[in-house]
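In the numbering used here, the protein residues as written are 392 to 906. Using N, Cα and C, we set each Cβ at its ideal position, and we do this for glycine too.
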């Protein structure tokens with residue numbers, strides 16, 4: 392019996408340029424094969440690949456091929472369609488099935504990504520001009536602006552191919568009639584200098600209604616007259632970063648240098664409210680509000696003596712803080728900084744999440760999760776989970792909790808409050824993130840019983856509850872976040888964050904401040 396895992400997504404070779412080259416009808420596939428005891432396969436095996444046009448039905452595949460592969464430490468690659476051509480039209484969803492030797496076909500079927508459907512575009516290449524009858528392509532079938540100059544050969548549009556006269560309405564507003572008097576209106580952008588002899592008149596180039604300015608570089612004015620210009624209309628080459636860019640970790644779009652902000656003792660939790668960055672200071676028992684553009688501290692708000700604020704969350708209206716030492720949660724008004732009355736929860740609340748309706752808190756000291764009504768501040772009945780819940784995340788349907796001391800992850804139905812069976816993961820799961828289809832868990836490998844701190848990254852299928860193989864990181868993990876494209880992992884003690892593609896492949900390392 393064998394087990395197979397995808398290491399790299401299925402992809403189609405690029406179609407290339409508009410040259411009349413044949414489109415490769417092949418798909419690159421890479422997988423990881425291991426025995427039921429977890430050891431990687433290193434001997435030759437026969438693998439049968441099947442394409443289906445329906446899921447979960449497994450009858451009548453549209454394409455099937457059996458290939459002999461010899462994995463290296465479990466990893467193998469194969470080019471599908473090389474030996475037996477793929478003739479499927481790729482005009483509907485397809486799923487790939489994999490069967491090793493005489494074992495049953497593996498489940499679940501793997502949906503093909505968008506790239507393989509580029510096969511469908513190859514059909515368009517076969518439609519030449521000879522396939523179009525004269526007059527069959529009318530103006531109603533062409534989108535405005537779809538026929539550009541680059542698509543027409545020089546001299547291809549002759550007088551004989553133009554019926555009647557081109558009316559002014561058919562001409563772009565950027566067309567200047569050189570043989571007629573014309574008033575040109577609207578904004579015009581020229582990519583090259585304009586060289587011409589302008590006859591002297593009353594005001595060929597008018598600035599502030601009276602002044603002639605020869606050799607004036609008009610594009611530097613930004614549409615303003617000279618008398619209007621002041622510092623309000625002068626933008627720097629490196630614009631001020633937006634809060635959205637900072638919140639999604641897109642440093643390369645923000646600034647050439649990093650911004651370091653001095654806060655207070657033991658900053659632990661972070662949250663973004665759409666305008667400002669919020670941070671908890673665990674030893675000084677307060678929460679700070681920061682300007683993401685300048686790093687300026689906009690406010691400091693006490694949350695109670697000895698409260699030990701740890702986690703933060705934003706519900707679209709208020710900022711919520713979990714106070715681990717006082718076993719409470721408090722709500723803060725982002726505009727006024729008013730701090731609400733403490734809401735008593737379980738022991739040592741260490742994580743918060745918002746599901747669009749309710750705020751959730753993980754009580755790591757009492758092995759429970761609670762739901763809070765943001766409007767009334769009422770905390771619901773504790774929901775028993777695994778040992779040491781330390782992280783929460785929402786996938787659009789369910790709340791997920793990572794039980795650090797129990798080495799497991801659980802799914803909770805927000806409507807019923809029912810917690811699912813624990814899903815075994817690596818040692819000491821410390822952080823969770825959802826990438827739109829899969830859940831990711833960072834295993835610190837340092838749980839309540841200790842550990843070696845050699846953390847791993849692991850992917851979970853939320854539909855099946857299946858946990859994938861652990862990806863070794865070599866450091867103790869502290870945090871996990873998805874930026875819309877990549878997964879980012881925090882490195883305790885190494886002053887770095889690592890960026891991973893959705894397939895779990897590391898694609899970058901970012902050094903951070905050591906202070």
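{"Query": "Distance, residue 482 Cα to residue 445 Cα", "Result": "13 Å"}
{"Query": "Local conformation of residue 435 per DSSP, three classes", "Result": "coil"}
{"Query": "Cα-Cα separation, residue 540 to residue 453", "Result": "42 Å"}
{"Query": "Outcome for residue 801 when other beta-carbon atoms lying within 10 angstroms are tallied against a minimum of 16", "Result": "buried"}
{"Query": "Straight-line gap, residue 889 to residue 487 (C-alpha atoms, nearest Å)", "Result": "31 Å"}
{"Query": "Residues of its chain near residue 865, where Cβ-Cβ distance is below 7 Å and the 5 sequence neighbours each way are ignored", "Result": "845"}
{"Query": "Contact between the stretch 454–473 and the stretch 497–506 (3+ Cβ pairs under 8 Å)", "Result": "no"}
{"Query": "Neighbourhood of residue 769 by C-beta, 6 Å cutoff - its chain only, sequence neighbours within 5 removed", "Result": "none"}
{"Query": "C-alpha distance - residue 918 paired with residue 480, whole-angstrom precision", "Result": "Residue numbering for the chain in the displayed model covers 392 to 906; residue 918 lies beyond these limits and cannot be assessed."}
{"Query": "Nonlocal neighbours in the same chain, by C-beta distance under 6 Å from residue 785, ignoring five residues either side", "Result": "744 and 746"}
{"Query": "Residue 754 beta carbon less than 7 Å from that of residue 775", "Result": "no"}
{"Query": "Pair within 7 Å by beta-carbon distance, residue 668 and residue 658", "Result": "no"}
{"Query": "Three-way DSSP call (helix, strand, coil) for residue 680 in this model", "Result": "strand"}
{"Query": "CA-to-CA distance, residue 700 to residue 717, given in whole angstroms", "Result": "9 Å"}
{"Query": "DSSP state of residue 430 mapped onto helix, strand, coil", "Result": "coil"}
{"Query": "Inter-stretch contact (C-beta, 8 Å, three-pair minimum) for the stretch 820–838 and the stretch 873–880", "Result": "yes"}
{"Query": "Cβ-Cβ separation, residue 795 to residue 819 (assumed contact under 8 Å), whole Å", "Result": "5 Å"}
{"Query": "Residues of its chain near residue 925, where Cβ-Cβ distance is below 7 Å and the 5 sequence neighbours each way are ignored", "Result": "As shown, the chain starts at 392 and ends at 906. That puts residue 925 outside it, with no answer to give."}
{"Query": "Proximal residues to residue 710 (C-beta, below 7 Å), its chain only, five neighbours per side dropped", "Result": "662, 664, 669, 703, 723 and 725"}
{"Query": "Coarse secondary structure for residue 539, derived from DSSP in three states", "Result": "coil"}
{"Query": "For residue 833 and residue 734, the rounded distance between their alpha carbons", "Result": "30 Å"}
{"Query": "Cα-Cα separation, residue 426 to residue 859", "Result": "15 Å"}
{"Query": "Which of helix, strand or coil DSSP assigns to residue 651", "Result": "coil"}
{"Query": "Residue 680 classed as buried or exposed, judged by whether at least 16 other C-beta atoms fall within 10 angstroms", "Result": "buried"}
{"Query": "Rounded C-alpha distance that separates residue 907 from residue 416", "Result": "Absent from the structure is residue 907, since the part of the chain shown begins at 392 and ends at 906."}
{"Query": "Exposed unless 16 or more other CB atoms sit within 10 angstroms - verdict on residue 707", "Result": "exposed"}
{"Query": "Beta bridge counterpart(s) of residue 553 as assigned by DSSP", "Result": "Its beta-bridge partners do not exist; DSSP assigns none."}
{"Query": "Spatial distance of residue 422 from residue 550 (CA atoms)", "Result": "59 Å"}
{"Query": "Neighbourhood of residue 627 by C-beta distance below 8 Å, restricted to the same chain and skipping five residues each side", "Result": "Low local confidence applies: a pLDDT of 37 at residue 627 is under 50, so the model's placement there is unreliable, and no value is given."}
{"Query": "Minimum Cβ-Cβ distance from residue 878 to chain E less than 7 Å", "Result": "The structure shown contains no chain E; it is built from a single protein chain."}
{"Query": "Status (buried if at least 16 other CB within 10 Å, exposed otherwise) for residue 740", "Result": "buried"}
{"Query": "Where residue 475 falls: helix, strand or coil (DSSP)", "Result": "coil"}
{"Query": "Euclidean distance between Cα positions of residue 729 and residue 792", "Result": "30 Å"}
{"Query": "6 Å CB neighbourhood of residue 757 in its chain, flanking five on each side removed", "Result": "737 and 738"}
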